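In what follows, a structure is listed as C-alpha cells, so that the remarks can point back to it.
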Amino acid sequence: MEAIRIEKTLEKDGEIILKGLPYRKGQKVELIVLSAVSAETKPHGIPASELLKSGLIGLWKDREDIGDTSEFARKLRARVEKRGGQP
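Whatever position you read off the sequence shown (first residue = 1), add 46 for my numbering.
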C-alpha cells in the first residue's frame, strides 16, 4: 500500500479539502486523519525540579537490604531483560 503524507492546517472547523491526489475516479482509497503534535506541545519528559519533588530520588537510601543501589539496579534490569520485559 502506498502512503502519501500531507500536512494541512484546517481553515474551517471539521473540514479538510485535498486536491492534486494521484488517484483516479472510482479508485478506492483509505484515509486516516491524525492530529499533528507541534514541537511546542510535545512533552519532553519531567523537569528535574519535578523529579526531585517526586520522592523518587533517594527512594532506596534507607533500605538496609539493598547495599550498593547501583548494583541493585543493574541486577533488576538484567532480571527484567531475561524475562522479556516481565518484572
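We treat Cβ as the ideally placed atom computed from N, Cα and C, and that holds for glycine. Remember, predicted model here, so these are calculated numbers, not experimental data.
Under 6 Å Cβ to Cβ from residue i, same chain only, skipping five residues before and after it: list those, please.
| i | result |
| --- | --- |
| I112 | W106, F118 |
| K74 | none |
| T115 | W106 |
The alpha helix (DSSP H) spanning residue i covers which residue range?
| i | result |
| --- | --- |
| T115 | 115 to 128 |
| K65 | First-last for K65: undefined, no H or E at that position. |
| S100 | Here S100 belongs to no alpha helix (DSSP H), and DSSP marks it neither H nor E. |
Check each candidate in the options and name the one with the smallest Cα separation from residue i.
| i | options | result |
| --- | --- | --- |
| S1 | S100, R51, K65 | Because the chain in this structure spans residues 47 to 133, residue 1 falls outside the shown range and cannot be described. |
| I62 | R129, Q73, L122, L77 | L77 |
| G3 | G66, V79, L67 | The first residue shown for the chain is 47 and the last is 133, placing residue 3 beyond what the model contains. |
| I69 | S100, A49, E127 | The amino acid at residue 69 is misidentified as Ile; the sequence shows Tyr. The option with the nearest alpha carbon to Y69 is A49. |
The ligand HEM and residue i: does the residue's C-beta get closer than 8 Å to at least one heavy atom of that ligand?
| i | result |
| --- | --- |
| T115 | In the structure shown, the ligand HEM is absent, as is every other ligand, since no ligand is present at all. |
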